[in-house]
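**Student:** Residue numbers (my numbering): 141 to 248. Idealized CB from N, CA, C, for every residue including glycine. Small disclaimer: the values here were computed from a predicted structure and weren't measured.
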Amino acid sequence: MLGSELQPAARDLESDDFQVTFLADHNTYPAGYYVIKFFNEDGYLKIKKAISESQDVSSISPVFTEYIQHNGIWYAPKVHTETFAIIISVFIGIWAIITKNKLVSSTK
141 MLGSELQPAA
151 RDLESDDFQV
161 TFLADHNTYP
171 AGYYVIKFFN
181 EDGYLKIKKA
191 ISESQDVSSI
201 SPVFTEYIQH
211 NGIWYAPKVH
221 TETFAIIISV
231 FIGIWAIITK
241 NKLVSSTK
């Protein structure tokens, strides 16, 4: 449960790890700290019942709680790495040609 929304979670039986899937778009989660509560099957049924009857779900205790920090949306850099590498390569090539021409002209 993230805030007041139920989120699907899967449990890996071999490693006992959990994976939570957030249903909303990434844009809708602002940067900040989030509390994620994990419930077993009984707790999930209690929450579903409380939600359907418009009751408070805060009294239902989770199996465990995780705190995560969301740093917000990351946008791509203004200049991509490939573009920067091409520009540097062109400058190095031009510098090499100019240096070669200077060396050749100075030996004549």
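With 16 as the cutoff for other CB atoms within 10 Å, does Ile227 come out buried or exposed?
**Tutor:** It counts as exposed.
**Student:** Considering only the alpha carbon of each residue, which of Glu181, Pro170, Thr168 lies closest to Lys148?
**Tutor:** Looking at the sequence shown, residue 148 is not Lys but Pro. Nearest option by C-alpha distance: Glu181.
**Student:** Using the three-state DSSP reduction, which class does Gly233 fall into: helix, strand or coil?
**Tutor:** Three-state DSSP puts Gly233 in a helix.
**Student:** On the DSSP letters alone, give me the boundaries of the alpha helix (DSSP H) that Tyr184 sits inside.
**Tutor:** Segment 181-192, the alpha helix (DSSP H) holding Tyr184.
**Student:** Express the C-alpha separation of Pro217 and Val203 in angstroms, rounding to a whole number.
**Tutor:** One C-alpha to the other measures close to 41 Å.
**Student:** So what does DSSP say about Phe204, is it helix, strand or coil?
**Tutor:** Correct three-state label for Phe204: strand.
**Student:** Please classify Phe179: is it buried, with 16 or more other beta-carbons within 10 angstroms of its beta-carbon, or exposed?
**Tutor:** Classification for Phe179: buried.
**Student:** So what does DSSP say about Leu142, is it helix, strand or coil?
**Tutor:** Of the three classes helix, strand and coil, the one that applies to Leu142 here is strand, per DSSP.
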